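Enquirer:
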């Protein structure tokens, strides 16, 4: 029997609401909560007695009642709890789902929310000709995780490899639950939550930098300048994208897929939305600037180029990409590159040299086991053992501690899981 089914890609289900709430709570826990002791920071200004920020920091630091050695362990706990709750919610939703509610027959006629009709036969035919991007990416991600657990067999520290794979599994579960559990409208709401949390984090970081710690690079409330910049980049790039959509709507162009809220609100709504997005961009970009993170600036340039590619078509795309790429390269050459080689009173020149040593040692490990790697956590185990005595003597400032990371995620993945693991990860992202 031929059945007509109406499919609404924007339908909001209870699971969507739960996952968006859990996403917001997890992001707040990761970005804003800390668990450090009350300590005196060298060079920091004293709190004023009536400081509102001091009270906020006191609350975000759990009133200093749950102190931990590094002060960021609460972030790991919040992330783990968010993953567990999201996985449980998705599992319950899968179990209690009405039987056959989402099943369709190849002969059924499908009418989507936009009003266009089609049959599942046509959709199945399309599926035979090309791979569906999202399920394929998720499958490759699962294969990457399986390869990580498989590396236990050839690792010289199986227990460490299992632990590293379990840690990797947490991120994979988080990605799969959100990827499979959110609909289109829910994903858009989740993106707005992400931008909101990034904006609040930026405001707190700027306020803390100005009132408490102006002599160092901005790091609070994440705890590390590079990590703070990295955490804000997704929100910053999303804000840039939405501002571009608003400007295109005001100029008479098409809005985002599924319709633009700014367009539905008229010119006034578009202007208000544009101002809000611009404010988010200013706050997050200024925070990234205060971190002094050079790698974040490189990533931001790549993100802006990607936004241009996604928002333009044809010759306009080619021209826009070329102009944007040239502008980014010029900015990097004039601003970022000089910072890499400039002397630094804070030891950033030594930090760069440390990365040079780490990348060289990673290359040595890759040459020894290029295809399968040394097992999950391979560089953590083996990298420091490659530090030459002559290197340490010639550059004691750079090599003044144990070398536990390759300081390059791609090289570290290659060292740990070989070319096979690298290709699985790149295939998933691609």
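In the numbering used here, the protein residues as written are 10 to 439.
We put the CB at the ideal spot given by N, CA and C, even for glycine.
These numbers come from a predicted model, not from an experiment.
Count the CB pairs spanning the region 64-76 and the region 231-249 that are closer than 8 angstroms, and state whether there are at least three.
Expert: Result no; under three Cβ-Cβ pairs closer than 8 angstroms.
Enquirer: Hey, how far is the Cα of residue 99 from the Cα of residue 25?
Expert: C-alpha separation (whole angstroms): 9 angstroms.
Enquirer: Please classify residue 57 as buried or exposed, where buried requires at least 16 neighbouring CB atoms within 10 angstroms.
Expert: Result: exposed.
Enquirer: Comparing alpha-carbon positions, which option in 51, 92, 61 and 249 lies nearest residue 35?
Expert: Of 51, 92, 61 and 249, the residue nearest in Cα terms is 92.
Enquirer: Please state the DSSP three-state secondary structure of residue 304.
Expert: Helix at residue 304.
Enquirer: Among residues of its own chain, excluding the 5 on either side of residue 422, which ones have a beta-carbon nearer than 7 angstroms to its beta-carbon?
Expert: Closer than 7 angstroms at the Cβ level, and outside the excluded window around residue 422, lie 430, 431 and 434.
Enquirer: Measuring CA to CA, which of 80, 321 and 247 is closest to residue 232?
Expert: It is 80 whose Cα lies nearest to the Cα of residue 232.
Enquirer: Measure how close the beta-carbons of residue 452 and residue 19 come, nearest whole angstrom, since I'm counting them as under 8 angstroms.
Expert: For residue 452 there is no data in the structure shown, the boundaries of the chain being 10 and 439.
Enquirer: Let me confirm a value: residue 328 is counted as buried when at least 16 other C-beta atoms fall within 10 Å, else exposed. Which label applies?
Expert: It is exposed - the Cβ of residue 328 has fewer than 16 other Cβ atoms within 10 Å.
Enquirer: Express the C-alpha separation of residue 293 and residue 244 in angstroms, rounding to a whole number.
Expert: Taking the straight line from one Cα to the other gives about 8 angstroms.
Enquirer: Using only the alpha-carbon positions, how far apart do residue 384 and residue 161 sit?
Expert: Spanning the two alpha carbons is a distance of roughly 6 angstroms.
Enquirer: Helix, strand or coil for residue 63 per DSSP?
Expert: Correct three-state label for residue 63: helix.
Enquirer: Just to confirm, are residue 407 and residue 363 a CB contact at a threshold of 8 angstroms?
Expert: Result yes, Cβ atoms of residue 407 and residue 363 sit closer than 8 angstroms.
Enquirer: Suppose the cutoff is 7 angstroms on Cβ atoms and the five residues either side in sequence are ignored; what does the same chain contact list for residue 269 look like?
Expert: Note that residue 269 has pLDDT 48, beneath the 50 cutoff, so the model's placement of it is unreliable and the number below is only indicative. Once the five neighbours on either side are set aside, the close Cβ partners of residue 269 are 254 and 258.
Enquirer: Between which two residues does the alpha helix (DSSP H) carrying residue 423 extend?
Expert: Start and end: 418-438.
Enquirer: Which one of 97, 314, 64 and 45 has the shortest CA to CA distance from residue 76?
Expert: That would be 45, whose Cα lies nearest to the Cα of residue 76.
Enquirer: Between 394, 393, 420 and 32, which lies nearest to residue 196 when the distance is taken from Cα to Cα?
Expert: Ranking 394, 393, 420 and 32 by Cα distance to residue 196 puts 32 first.
Enquirer: Considering Cα atoms alone, identify which of 37, 276, 22 and 425 is closest to residue 102.
Expert: Comparing Cα positions, the closest option is 22.
Enquirer: Expressed to the nearest angstrom, what Euclidean distance is found between the alpha-carbon atoms of residue 436 and residue 144?
Expert: Rounded to whole angstroms, residue 436 to residue 144 spans 12 angstroms at the Cα level.
Enquirer: Here's the rule I'm using: 16 or more other beta-carbon atoms within 10 Å means buried, otherwise exposed. How should residue 54 be labelled?
Expert: Flag for residue 54 reads exposed.
Enquirer: Could you tell me how far apart the beta carbons of residue 283 and residue 319 are, in whole angstroms, since I believe they sit closer than 8 angstroms?
Expert: Between residue 319 and residue 283 the Cβ distance is about 19 angstroms, and since that is not below 8 angstroms, they are no contact.
Enquirer: Going by beta carbon distance, what residues of the same chain come within less than 6 angstroms of residue 41, once the five residues before and after it are set aside?
Expert: Contacts found: 69 and 230.
Enquirer: Output needed for residue 341: all residues of its chain with C-beta closer than 8 angstroms, excluding positions within five of it in sequence on either side, in chain order.
Expert: If we look at residue 341 and ignore the five residues flanking it on each side, its Cβ neighbours are 306, 307 and 310.
Enquirer: Relative to the C-alpha of residue 428, which candidate in 331, 382 and 365 has its C-alpha closest?
Expert: Checking every option, the nearest Cα to that of residue 428 belongs to 382.
Enquirer: Could you give the residue range of the alpha helix (DSSP H) that holds residue 180?
Expert: Start and end: 167-190.
Enquirer: Quick one: give me the first and last residue of the alpha helix (DSSP H) that residue 254 is part of.
Expert: From DSSP, the alpha helix (DSSP H) with residue 254 extends over 234-259.
Enquirer: Quick one: Cα of residue 89 to Cα of residue 180, how far?
Expert: Roughly 9 angstroms separates the two Cα atoms.
Enquirer: Could you work out which residue in 67, 147 and 83 is closest to residue 438 when comparing CA atoms only?
Expert: The shortest Cα separation from residue 438 among 67, 147 and 83 belongs to 147.
Enquirer: Whose C-beta lies closer than 6 angstroms to the C-beta of residue 136 among residues of the same chain, with five residues either side of it excluded?
Expert: Unreliable positioning characterises residue 136 in this predicted model, as indicated by a pLDDT of 48, which lies under 50. The coordinate reading is nonetheless provided below. There are no such residues.
Enquirer: Which residue from 290, 250, 379 and 287 puts its Cα closest to that of residue 8?
Expert: Absent from the model: residue 8. The displayed extent of the chain is 10 to 439, so no value can be given.
Enquirer: Nearest-angstrom Cα distance between residue 59 and residue 43?
Expert: So the two alpha carbons sit approximately 22 angstroms from each other.
Enquirer: Taking the alpha carbon of residue 295 as the reference point, which residue from 170, 234, 215 and 47 has its own alpha carbon closest?
Expert: Out of 170, 234, 215 and 47, 215 has the C-alpha closest to the C-alpha of residue 295.
Enquirer: Can you check which of these residues, 106, 50, 377 and 97, is closest to residue 187 by C-alpha distance?
Expert: Among 106, 50, 377 and 97, the Cα nearest to that of residue 187 belongs to 97.
Enquirer: Using the C-alpha atoms, what's the distance from residue 275 back to residue 281?
Expert: Their Cα atoms are separated by approximately 10 angstroms.
Enquirer: From residue 156 to residue 419, what distance separates their C-alpha atoms?
Expert: Roughly 16 angstroms separates the two Cα atoms.
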